[in-house]
Amino acid sequence: MKKYRGTNIASITVEKVLGQLSGKISICQLAANQRAVAFWKKYYREHHIDYVETRECIPIDGLEGLQEIISQSFEIQRTC
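The opening position of the sequence shown corresponds to residue 104 in the working numbering, with each subsequent residue numbered one higher.
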């Protein structure tokens, strides 16, 4: 949403959500959604998250044909 661009609200929200999780995490984006792909790669870089990226084509309800999906997988370890 344009009115929130540049406010860092997405990054802050992701940080809060990921802060509540532990274990193996996978985040997926449509490859055609370049803004989303760029956001996640920037987030990983800024937060020093090492990830493994995969690509696959899958059917998605409501979209015609196969869609290319980019997935990043990483692990969050919590210490007590």
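Just so it is clear, CB atoms sit at the ideal spot from N, CA and C, and this is done for glycine as well.
It should be emphasised that the depicted structure is a prediction, and the values quoted were computed from it without experimental measurement.
Does DSSP classify residue i as helix, strand or coil?
i, result
"serine 174", "strand"
"serine 152", "The question names serine, but residue 152 in the sequence shown is isoleucine. The answer is coil: DSSP assigns isoleucine 152 none of H, G, I, E or B."
"arginine 108", "coil"
Please list the terminal residues of the continuous alpha helix (DSSP H) segment that includes residue i.
i, result
"leucine 166", "Segment: none, leucine 166 is in no alpha helix (DSSP H) and carries neither H nor E."
Quick one: residues in its chain with C-beta nearer than 6 angstroms to the C-beta of residue i, no 5 flanking neighbours on either side, listed in chain order?
i, result
"isoleucine 152", "Phe177"
"serine 174", "Ser129, Cys131, Thr157"
"cysteine 160", "Leu169, Glu171"
Which residues bound the beta strand (DSSP E) around residue i?
i, result
"isoleucine 130", "126-133"
In the DSSP assignment, what are the bridge partners of residue i?
i, result
"isoleucine 179", "Gly126"
"arginine 158", "Ile173"
Tell me which same chain residues have a C-beta within less than 7 angstroms of the C-beta of residue i, skipping the five on either side of it?
i, result
"isoleucine 179", "Leu121, Leu124, Ser125, Gly126, Ile128"
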